[in-house]
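In terms of our numbering, the sequence shown has 142 at position 157, counting the first letter as 1, and numbering is strictly consecutive. The beta-carbon is built from N, C-alpha and C at its ideal position, and this holds for glycine as well. For reference, the structure discussed in these notes is given below.
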Amino acid sequence: MKRVALLMSAGVLLIAMSAASAEDVPQVQHRQGDSASQERLCTVEIQGPGTVEGFESVQVETFDITRYEQFFESVLHAPVVQSLDHPQVDPLRGYCYRGVLIVVRQDLRTARPTGWVQINFAVPDVAAMQADVGLIPSIHTLATGRGRRTKIVHSRLKPEVSRGHRKAIRFEVTGPEGFMIGFDQYK
């Protein structure tokens, strides 16, 4: 009889543990197509001349993922290739921008500001990039969820900068928390 009671107690404990661990399972939200195939396309795009073998992605930590969602989706028009939400742990968003997988993560337990992150691309025509992004050099605001508008995008054109031993026309798009994407047209 004691053995049956012990087995029943163990069974109840296992069921309770299974239910608790099920809460930690990430909730995957797929947007803009199948996440895995979009992510593979992003990886395939970066294979070729000039790429670093083994390079996979860039991950950015933030304390406010919504500002990055607005930046990548509304300003850069980058497709979402990964959208994972781990309840009470972290939301993750992966964007494929110009063949580079950029993952943004907000740690809900320990909030961290991004710091300075700069990603640079060499492009044949900076003016075309400005048109593609849809920004002229200035400060832009995006609406926040609270009805306020927040300055999260600053862009500027630098007509002559030194990049290594070369001169370039540079277009910079600065997003939230010191995140910058630069486009260099070498002379």
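- Okay, do the region 83 to 99 and the region 43 to 54 touch, 3+ Cβ pairs below 8 Å being the bar? yes
- So what's G100 in DSSP terms, helix, strand or just coil? coil
- Nearest to A112 by CA position, among F164, S140, T95 and T99, is which residue? S140
- Query: Counting along the chain, where does the beta strand (DSSP E) carrying Q90 start and finish?
  - Reply: For the sequence presented, residue 90 should be read as Arg rather than Gln. From DSSP, the beta strand (DSSP E) with R90 extends over V85 to Q91.
- Message: Which of the three DSSP states is assigned to E46 in this structure?
- Response: strand
- Hey, quick one: how far does the alpha helix (DSSP H) through Q115 stretch, first residue to last? V111 to V118
- Where does the unbroken beta strand (DSSP E) through F168 begin, and where does it stop? F164 to Y171
- Task: Would you list the one or two residues that DSSP bridges to C81?
- Result: Answer is L86, bridged to C81.
- Thinking D49 and P161 are a contact (beta carbons under 8 Å), I'd like their distance in whole angstroms, please. 7 Å
- D110 to Q170 span [Cα, whole Å]: Going by the C-alpha atoms only, they are around 6 Å apart.
- Task: Rounded to whole angstroms, what's the CA-CA distance from H150 to K172? Just pull it up for me.
- Result: 11 Å
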